[in-house]
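*Asks:*
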Amino acid sequence: MTLRDFTDLPLDDLDRDGALRQAADELERTSRAGFLATVAGGVATAAALVRSPAAAAALAKSDVAILNYALTLEYLQDAFYTEAERKGALEGPAAELAQVVGAVERAHVKALRDVLGKQAVKRPFFDFRGVTEDPAPFTRTAVAFEDLGTAAYKGQAHRIKSPEVLAAAVGIHSVEARHAAWIRYIAGAPPAAEPFDAAKSVNETLQLVRATRFIVVRPRTRSRRRPRYTG
Amino acid sequence: MRRPRTRRFLLSATVATVAAGASLAALAATGGRGAPSVSLGATGAPGQGLAPPADPAFRVQQPRPLQASRFESTWAAVRQATPVRAGPRRAAPLVGRVEPRTPEGTTNIVLALDRAEDARGSLWIRVRIPALPNNTTGWVPRSTLGGYGVVSTRLVVDLSDRRLTLLRRGKAIFRAAVGVGTEQFPTPTGDFYVRNKLTRYRNAFYGPLAFGTSARSETLTDWPDGGFVGIHGTNQPALIPGQVSHGCIRLRNEAILRLARLLPIGTPLRIRA
Amino acid sequence: MPDRVSVRVPDPGSAVRAAVSEDGTTSRERFLQRAVVAGGALVAGGVIIGGLPRLAASAQSPEQDVEIFNFALLLEYTQAAFYAETVERAELTGELFEFAKVVATHERAHVDYLLEALGAEARAEPVTDFGNATTDPDAFGAAAVTLEDVAVAAYNGQAANLTKGALQAAATIISVDARHAAWVRSIIGEPPAADAVDAPLTAEEATAQLDETGFLQEERR
Numbered sequence: 004m005t006l007r008d009f010t011d012l013p014l015d016d017l018d019r020d021g022a023l024r025q026a027a028d029e030l031e032r033t034s035r036a037g038f039l040a041t042v043a044g045g046v047a048t049a050a051a052l053v054r055s056p057a058a059a060a061a062l063a064k065s066d067v068a069i070l071n072y073a074l075t076l077e078y079l080q081d082a083f084y085t086e087a088e089r090k091g092a093l094e095g096p097a098a099e100l101a102q103v104v105g106a107v108e109r110a111h112v113k114a115l116r117d118v119l120g121k122q123a124v125k126r127p128f129f130d131f132r133g134v135t136e137d138p139a140p141f142t143r144t145a146v147a148f149e150d151l152g153t154a155a156y157k158g159q160a161h162r163i164k165s166p167e168v169l170a171a172a173v174g175i176h177s178v179e180a181r182h183a184a185w186i187r188y189i190a191g192a193p194p195a196a197e198p199f200d201a202a203k204s205v206n207e208t209l210q211l212v213r214a215t216r217f218i219v220v221r222p223r224t225r226s227r228r229r230p231r232y233t234g
Numbered sequence: 023m024r025r026p027r028t029r030r031f032l033l034s035a036t037v038a039t040v041a042a043g044a045s046l047a048a049l050a051a052t053g054g055r056g057a058p059s060v061s062l063g064a065t066g067a068p069g070q071g072l073a074p075p076a077d078p079a080f081r082v083q084q085p086r087p088l089q090a091s092r093f094e095s096t097w098a099a100v101r102q103a104t105p106v107r108a109g110p111r112r113a114a115p116l117v118g119r120v121e122p123r124t125p126e127g128t129t130n131i132v133l134a135l136d137r138a139e140d141a142r143g144s145l146w147i148r149v150r151i152p153a154l155p156n157n158t159t160g161w162v163p164r165s166t167l168g169g170y171g172v173v174s175t176r177l178v179v180d181l182s183d184r185r186l187t188l189l190r191r192g193k194a195i196f197r198a199a200v201g202v203g204t205e206q207f208p209t210p211t212g213d214f215y216v217r218n219k220l221t222r223y224r225n226a227f228y229g230p231l232a233f234g235t236s237a238r239s240e241t242l243t244d245w246p247d248g249g250f251v252g253i254h255g256t257n258q259p260a261l262i263p264g265q266v267s268h269g270c271i272r273l274r275n276e277a278i279l280r281l282a283r284l285l286p287i288g289t290p291l292r293i294r295a
Numbered sequence: 139m140p141d142r143v144s145v146r147v148p149d150p151g152s153a154v155r156a157a158v159s160e161d162g163t164t165s166r167e168r169f170l171q172r173a174v175v176a177g178g179a180l181v182a183g184g185v186i187i188g189g190l191p192r193l194a195a196s197a198q199s200p201e202q203d204v205e206i207f208n209f210a211l212l213l214e215y216t217q218a219a220f221y222a223e224t225v226e227r228a229e230l231t232g233e234l235f236e237f238a239k240v241v242a243t244h245e246r247a248h249v250d251y252l253l254e255a256l257g258a259e260a261r262a263e264p265v266t267d268f269g270n271a272t273t274d275p276d277a278f279g280a281a282a283v284t285l286e287d288v289a290v291a292a293y294n295g296q297a298a299n300l301t302k303g304a305l306q307a308a309a310t311i312i313s314v315d316a317r318h319a320a321w322v323r324s325i326i327g328e329p330p331a332a333d334a335v336d337a338p339l340t341a342e343e344a345t346a347q348l349d350e351t352g353f354l355q356e357e358r359r
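Read top to bottom, the protein sequences are chains Y, G and A.
When we follow the working numbering, the leftmost residue of the first sequence carries the number 4, and every step to the right adds one.
When we follow the working numbering, the leftmost residue of the second sequence carries the number 23, and every step to the right adds one.
When we follow the working numbering, the leftmost residue of the third sequence carries the number 139, and every step to the right adds one.
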């Protein structure tokens, strides 16, 4: 399944998503170096319950990268559902889902930003190109997003170093799976098609996200030119 | 997916575990010597004594609904030069055009007000545009716009009071005295929006920074770059408040610096007589 | 009455590793020796009861995976039997029955996977009695929700205790059970995903919730 199946829009080579690149780079870097960080500093200990921004410094670098990867996907879902609710173009079960799931994804974003503190990746800018304003593309895309979120968390679970981070992540992973079944039910698709759900790798996931072209460069509305207003 | 690969979890110690578990059950059933009497329940030993979960590294707060949207306003970038029409259909008469860039070199933005589908099911958006006559709105295809930005602020300028007020979620968070257009070159009234911000230029006449709006002078129609009304600082603070400008809204420099920390691009602007 | 503790002393590292080293002593003997050293009270049958503190997080090990997977197997056996009986009795209709048919195949697959993973270590199949939960729509819906939710919470509770390989495998099952839960809730008109996070359960809590259903009879040995 690719997101191409779920949007009518063609693929584009252009990679305009700095947020994704940042998340991918960090994961790439830390997957090699991650174990060194924990061995050297003992940074992730069972006692370090990470609740404060200061404590975020105690997270292993690879765990930070994984959490930022999760945060990027949560930003995407948050923006998608929040915009859909604001636009008010959905009706019935889909509208209700956008409302409920949007609130949950916003809560996920807040939780991840809080635990990451200064290390959190910035919120990207999104262009959903009307998908949030049209019931059929919305539903298809929501199915893809929730399946993707579940598979992405699943792909990283075994790489998380801190048991506490893992405990938090698995609690979100299963919620994303509930979302996936819910939106599939609304869409008339099988809520649970197979007995075992496959994980997705970082590359696969980010490739799919990139293919949507939803993450865009923030419009530049500042300049250093001299004003030529009427004065 | 195919089932996960099976691993053989084989270690001799586990035989002891299973055996010991059975002994445990036997002890309980017979009230074995030395064993406290315990109730095993139907499920017996399995699962008993497995280590508890780790404490999650972060908690997720209770999800909250979106706040009231009546304070929200939406803007979008203009992606390409686009005719703006009186209705949401290709055959509707033209009311103007929008360009993707402003004279200041920034991405042009419009306010997104409304939505409609045409006969083919294509999405059109009604937008407020930086055109003359002032207060023009019209329809463009959704595909000509970029992603939406949302603000919960709005700016109100009262020309007779010579005051500017910034509200966030309906509450005033900033007020300042302003210089406005003279009778000869009045500041236009109506509904507009803030579309860009200029900084670090060197021109004391405009003060340390300037905001561009979608409002245009109705008298200075030959002004280079379209005669847009700006909100900016000044090198003549003594003139404020007053009717002193060619249409621009001038603030004293310390005020515009404070405003700049609070005013997002895309904020709607109402100018009252 | 003191906390029940694992019959294996949860000692991350040396005790467990030593218990399985090859030096002539049986692993069980060495294990029990360590237990005495650790200060537990030994009773007939070589089983330690009471008095030993539980650690907040135990080290991962293949032996622990076996225990955890055996616990999961209990849950999956229960689910599989529940759906299989529902399908066999064929008294449900419509969406609920379609759901039961599909999920029966999934839970059977989960059981088969765990059986293969555990091999000779696999626990016995429990004896179950589902009453009218496999024939009455309301009872079925409630039971399905409970069984799926308990499984998800129990797996989540053990995630940090599994070795990484076992966790990868378990994760492919956890999300499917979570899908099942949301699916059946959608069918019966309950909010499919009301919470922002799925809270974990300890094994004891999961066992207790399972016991409360009354579905499990005295364990077959």
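Here a beta-carbon is modelled for each residue, glycine too, at the ideal position from N, C-alpha and C.
Only counting runs of 4 or more residues, tell me where the alpha helix (DSSP H) segments fall wholly within the segment 256-321 of chain A, in order along the chain.
*Replies:* Listed in chain order, the complete alpha helix (DSSP H) runs (minimum 4 residues) inside the segment 256-321 of chain A are 275-296.
*Asks:* In angstroms with no decimal places, state the Cα-to-Cα distance between A255(A) and A320(A).
*Replies:* Distance between the alpha carbons of A255(A) and A320(A) is about 28 Å.
*Asks:* According to DSSP, is L285(G) part of a helix, a strand, or is it coil?
*Replies:* Three-state result, L285(G): coil.
*Asks:* Residues of chain A with a CB under 7 Å from the CB of R25(G): which are they?
*Replies:* Those within 7 Å of R25(G) in chain A are A247, Y251.
*Asks:* Between V283(A) and R323(A), which are expected to be in contact by the criterion C-beta below 8 Å, what is the C-beta distance as a whole number of angstroms?
*Replies:* Right, the Cβ-Cβ distance comes to about 6 Å (below 8 Å), so this counts as a contact.
*Asks:* Classify S144(G) as helix, strand or coil using the three-state DSSP reduction.
*Replies:* Correct three-state label for S144(G): coil.
*Asks:* Is it the case that the Cβ atoms of N157(G) and D213(G) are separated by a distance below 8 Å?
*Replies:* Yes, the Cβ-Cβ distance between N157(G) and D213(G) is below 8 Å.
*Asks:* Looking at the unbroken alpha helix (DSSP H) that takes in S165(G), where does it start and where does it end?
*Replies:* First-last for S165(G): undefined, no H or E at that position.
*Asks:* Can you check whether the C-beta of D130(Y) is within less than 8 Å of a C-beta belonging to chain G?
*Replies:* Closer than 8 Å: yes.
*Asks:* DSSP on P105(G), reduced to helix/strand/coil?
*Replies:* It is a strand residue.
*Asks:* When you compare each of F148(Y), S177(Y), G152(Y), T142(Y) to A292(A) by their alpha carbons, which one comes out closest?
*Replies:* Among F148(Y), S177(Y), G152(Y), T142(Y), the Cα nearest to that of A292(A) belongs to S177(Y).
*Asks:* In angstroms with no decimal places, state the Cα-to-Cα distance between E201(A) and G352(A).
*Replies:* Computed Cα separation, rounded: 30 Å.
*Asks:* Looking only at its chain, what residues have a beta carbon closer than 7 Å to the beta carbon of E126(G), apart from the 5 residues adjacent to it on each side?
*Replies:* Taken in chain order, the residues that qualify are N218, L220, G234.
*Asks:* Report the partner residues of S267(G) according to the DSSP bridge assignment.
*Replies:* Its beta-bridge partners are G203(G).
*Asks:* Less than 7 Å between C-beta atoms, sequence neighbours within five positions excluded: which residues of the same chain meet that for S165(G)?
*Replies:* No residues qualify anywhere along the chain.
*Asks:* Excluding sequence positions up to five away, which residues of its chain have a Cβ less than 6 Å from the Cβ of L177(G)?
*Replies:* Excluding residues within five positions, the ones whose Cβ falls inside 6 Å are L188, T289, L291.
*Asks:* Would you call the segment 259-273 of chain G in contact with the segment 189-207 of chain G, where contact means no fewer than 3 C-beta pairs closer than 8 Å?
*Replies:* Segments in contact, yes.
*Asks:* Taking 8 Å as the threshold (beta carbon to beta carbon), is K157(Y) in contact with chain A?
*Replies:* Cβ-Cβ to chain A under 8 Å: yes for K157(Y).
*Asks:* Under three-state DSSP, which class holds L354(A)?
*Replies:* Three-state result, L354(A): strand.
*Asks:* Can you tell me whether DSSP reads P290(G) as helix, strand or coil?
*Replies:* Here P290(G) sits in strand by DSSP.
*Asks:* Is Q12(G) close to chain A? Criterion is C-beta to C-beta, closer than 8 Å.
*Replies:* Residue coverage of chain G in this structure runs from 23 to 295, which leaves residue 12(G) outside it and unanswerable.
*Asks:* Hey, does K239(A) have any beta-carbon neighbour from chain B nearer than 8 Å?
*Replies:* Considering every chain present, this structure includes no chain B. Its protein chains are Y, G and A.
*Asks:* Mapping the DSSP letters down to three states, classify K90(Y) as helix, strand or coil.
*Replies:* K90(Y) falls in the helix class under three-state DSSP.
*Asks:* Distance, Cα to Cα, L145(G) vs M23(G)?
*Replies:* Taking the straight line from one Cα to the other gives about 38 Å.
*Asks:* What is the rounded straight-line gap between the Cα of A73(Y) and the Cα of E240(G)?
*Replies:* The straight-line gap from Cα to Cα measures roughly 51 Å.
*Asks:* Taking any Cβ of chain A, which residues in the segment 193-222 of chain G have a Cβ under 9 Å from it, in chain order?
*Replies:* Cβ contacts with chain A come from no residue of the segment 193-222 of chain G.
*Asks:* Can you find a C-beta in chain Y that's less than 8 Å from the C-beta of S199(A)?
*Replies:* So, not an interface residue.
*Asks:* Whether or not the segment 267-282 of chain A and the segment 336-350 of chain A are in contact is what I'm after, with contact meaning three or more pairs of Cβ atoms, one per stretch, closer than 8 Å; do they touch?
*Replies:* No, the segment 336-350 of chain A is not in contact with the segment 267-282 of chain A.
*Asks:* According to DSSP, simplified to helix, strand and coil, what is G152(Y)?
*Replies:* Correct three-state label for G152(Y): helix.
*Asks:* Would you mind telling me which residues of chain G sit closer than 8 Å to V118(Y), beta carbon to beta carbon, in chain order?
*Replies:* Those are A79, F80, listed as they occur along chain G.
*Asks:* Closest to G327(A) by C-alpha separation, out of Y156(Y), Y188(Y), T208(Y), A160(Y), would be which residue?
*Replies:* For the residues Y156(Y), Y188(Y), T208(Y), A160(Y), the minimum Cα distance to G327(A) belongs to Y188(Y).
*Asks:* Under a Cβ-count criterion, where at least 16 other Cβ atoms within 10 Å of its own Cβ denotes burial, should T153(Y) be classed as buried or exposed?
*Replies:* Classification of T153(Y): buried, given that the 10 Å Cβ count is 16 or more.
*Asks:* Going by the beta-carbon positions, is the gap between G105(Y) and D137(Y) smaller than 8 Å?
*Replies:* Not in contact: G105(Y) and D137(Y) (Cβ atoms no closer than 8 Å).
*Asks:* Contact criterion: CB-CB distance below 8 Å. Does Y84(Y) meet it with respect to chain A?
*Replies:* Taking Cβ atoms only, chain A never reaches closer than 8 Å to Y84(Y), which makes this a no.
*Asks:* With H, G and I counted as helix, E and B as strand and the rest as coil, what does DSSP make of A214(Y)?
*Replies:* Residue state, collapsed to three classes: helix.
*Asks:* Could you check the C-alpha separation between P230(G) and R283(G) for me, to the nearest Å?
*Replies:* Looking at the two C-alpha atoms, the distance is approximately 13 Å.
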